[in-house]
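Below is one structure, written out as structure tokens; the observations come after it.
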Amino acid sequence: MPELPEVETIARFLREGGREQESILRAQISDAGLTWRRTLAAPEDPAALERLAGQRVREIGRRGKFLLLGLDRDTLLFHLRMSGDLVVGRAGEAPGPHDRFFIDFTDGRRLTFTDPRKFGRVWLTAEPQEVLAPLGPEPFGPDFTPGWLYQALHSRRRQLKPLLLDQSFISGLGNIYSDEALHRAGLHPLRASDRVTPEEAGKLWEAIRETLSSGIATQGASIDWVYRGGDFQNHFRVYQRTGEPCPSCGTAIQRIVVGQRGTHFCPSCQPWKE
DNA sequence: CACGAGACCTGTTCGC
DNA sequence: TGCGAACAGGTCTCGT
Numbered sequence: 051m052p053e054l055p056e057v058e059t060i061a062r063f064l065r066e067g068g069r070e071q072e073s074i075l076r077a078q079i080s081d082a083g084l085t086w087r088r089t090l091a092a093p094e095d096p097a098a099l100e101r102l103a104g105q106r107v108r109e110i111g112r113r114g115k116f117l118l119l120g121l122d123r124d125t126l127l128f129h130l131r132m133s134g135d136l137v138v139g140r141a142g143e144a145p146g147p148h149d150r151f152f153i154d155f156t157d158g159r160r161l162t163f164t165d166p167r168k169f170g171r172v173w174l175t176a177e178p179q180e181v182l183a184p185l186g187p188e189p190f191g192p193d194f195t196p197g198w199l200y201q202a203l204h205s206r207r208r209q210l211k212p213l214l215l216d217q218s219f220i221s222g223l224g225n226i227y228s229d230e231a232l233h234r235a236g237l238h239p240l241r242a243s244d245r246v247t248p249e250e251a252g253k254l255w256e257a258i259r260e261t262l263s264s265g266i267a268t269q270g271a272s273i274d275w276v277y278r279g280g281d282f283q284n285h286f287r288v289y290q291r292t293g294e295p296c297p298s299c300g301t302a303i304q305r306i307v308v309g310q311r312g313t314h315f316c317p318s319c320q321p322w323k324e
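Be aware that the first sequence starts at 51, since it is given in the working numbering, and climbs by one per residue.
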């Protein structure tokens, strides 16, 4: 599930609350539990989770695809990878089969990290910047400008699709939103980054922001069993629409594999160029 | 530096 | 109906 809009949606839900659910801001941790060892990326020793007890949630944020819980002395970072999710429930209940990590609060609630495929990771650290350091600019941050994008595209020679997926280039895009953004920009996914013109870079800049904005506005995409609530899957232009007509021109959407990822595009709106 | 393959995992859907 | 193959929102590591 989790690309920038889905993680942002979850962060807002935890911060602002939702149906029947109050914010976990200021909730105080009483206990923590780990039911799948490898889910904890740091620290090495799970016994160190004991230091969570007593700390309160002071801040809830997102950086790229990381969800951050700022505590009194530490930060908890969550990366949901392919199938992770964060849900609020009652403390004391038996963990479900896919629950990997949880923190209990003194008010009787529990925040559970659930993740069927076990790819997700949690970091507990006083230095979150060390985990986040490799990330490229935030798509809605001040560093991400059309001019920056143009020069960054030209500082390397990569195919556009894998480059957009590279979190050290730009943070937050995943397979859905990169396909959607390239379609909006009218750029072929295999186009060489250093061949893009300033005008095309400007289009791509705008397409990335518009695509992510509509994803956030619809509370992310829910596909299969993995995610709940969002509606962006009903607004896909190309993603998982192989053979269906392009919403702009009617041409059949094509699927190719790029960097081992399914890639969807309109051969007419996104023509191949050297 | 760029790229492809394999690894890490489980669950669902597809094709015969 | 059954069963193996293919596929899935991500990222890391290794070899070329």
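Every residue gets a Cβ at the ideal spot worked out from N, C-alpha and C, and that includes glycine.
These figures come from a predicted structure and were not determined experimentally.
Based on DSSP bridge pairs, tell me the residues matched to residue i.
i, result
"Leu118", "Gly111, Leu127"
"Val308", "Arg311"
"Ile303", "Partner(s): none; Ile303 has no beta bridge."
"Arg160", "Gly139, Asp154"
"Pro295", "Ala302"
"Arg287", "In DSSP, Arg287 forms no bridge with anything."
"Arg106", "Gln78"
"Leu84", "Phe151"
Just to confirm the assignment, what range does the alpha helix (DSSP H) spanning residue i have?
i, result
"Val201", "According to the sequence displayed, residue 201 carries Gln and not Val. Residues 196-204."
"Ile266", "248-267"
Could you work out which residue in the options is closest to residue i when comparing CA atoms only?
i, options, result
"Leu232", "Lys211, Arg106, Gly139", "Lys211"
"Pro295", "Gln283, Gly280, Val307, Cys316", "Cys316"
"Glu188", "Arg245, Leu214, Gly114, Glu250", "Gly114"
"Lys323", "His285, Thr313, Gln269, Ala242", "Ala242"
"Leu254", "Arg140, Glu66, Leu213", "Leu213"
"Glu250", "Phe169, Gln290, Pro321", "Pro321"
"Arg106", "Arg112, Leu119, Leu99", "Leu119"
"Thr89", "Arg131, Gly222, Ser218", "Arg131"
"Phe169", "Gly252, Pro297, Glu260, Ser133", "Ser133"
"Phe116", "Glu72, Thr59, Val138, Gly146", "Thr59"
"Ile258", "Ile273, Gly279, Leu75, Gly236", "Gly236"
"Asn225", "Gly293, Gly280, His314, Gly300", "His314"
"Ala91", "Leu75, Pro55, Gly309, His129", "His129"
"Arg167", "Trp86, Glu177, Val138, Arg234", "Trp86"
"Ile110", "Thr247, Leu215, Glu230, Leu136", "Leu136"
"Val57", "Thr301, Ser221, Ser298", "Ser221"
"Cys299", "Ala183, Arg234, Pro239", "Arg234"
"Val138", "Pro196, Glu66, His238", "Glu66"
How would you write the range of the beta strand (DSSP E) that residue i sits in, first residue to last?
i, result
"Arg140", "135-140"
"Pro90", "It is worth fixing the name first, because residue 90 is Leu in this sequence and not Pro. Where Leu90 is concerned, the enclosing beta strand (DSSP E) stretches over 90-92."
"Ile153", "149-155"
If contacts are defined as beta-carbon pairs under 8 Å, then residue i and residue j qualify, I think. What distance do you get, rounded to the angstrom?
i, j, result
"Asp122", "Arg108", "6 Å"
"Leu174", "Leu102", "7 Å"
"Ala267", "Gln283", "Not really, about 14 Å apart at Cβ, beyond 8 Å."
"Arg112", "Arg140", "Not quite, the Cβ-Cβ distance comes to about 26 Å (not below 8 Å), so this is no contact."
"His204", "Asp244", "5 Å"
"Glu53", "Leu185", "That pair is no contact at about 14 Å."
"Leu126", "Val172", "7 Å"
"Tyr227", "Leu262", "6 Å"
"Phe194", "Ser80", "Phe194 to Ser80, Cβ: 40 Å. No contact."
"Gly146", "Thr164", "7 Å"
"Gly279", "Pro55", "Contact flag wrong, Cβ pair sits at about 12 Å."
"Val303", "Gly293", "The identity of residue 303 in the sequence shown is Ile, whereas the question assumes Val. Between Gly293 and Ile303 the Cβ distance is about 6 Å, and since that is below 8 Å, they are a contact."
Original post:
What alpha helix (DSSP H) runs, 4 residues minimum, are completely inside the region 163-242?
Top reply: With a minimum length of 4 residues, the unbroken runs of alpha helix (DSSP H) contained wholly in the region 163-242 fall at 178-182, 196-204, 210-215, 225-235.
**OP:** With a floor of 4 residues, list each alpha helix (DSSP H) that falls wholly inside the region 55-81, ordered by position along the chain.
**Re:** List check, alpha helix (DSSP H) in window: nothing returned.
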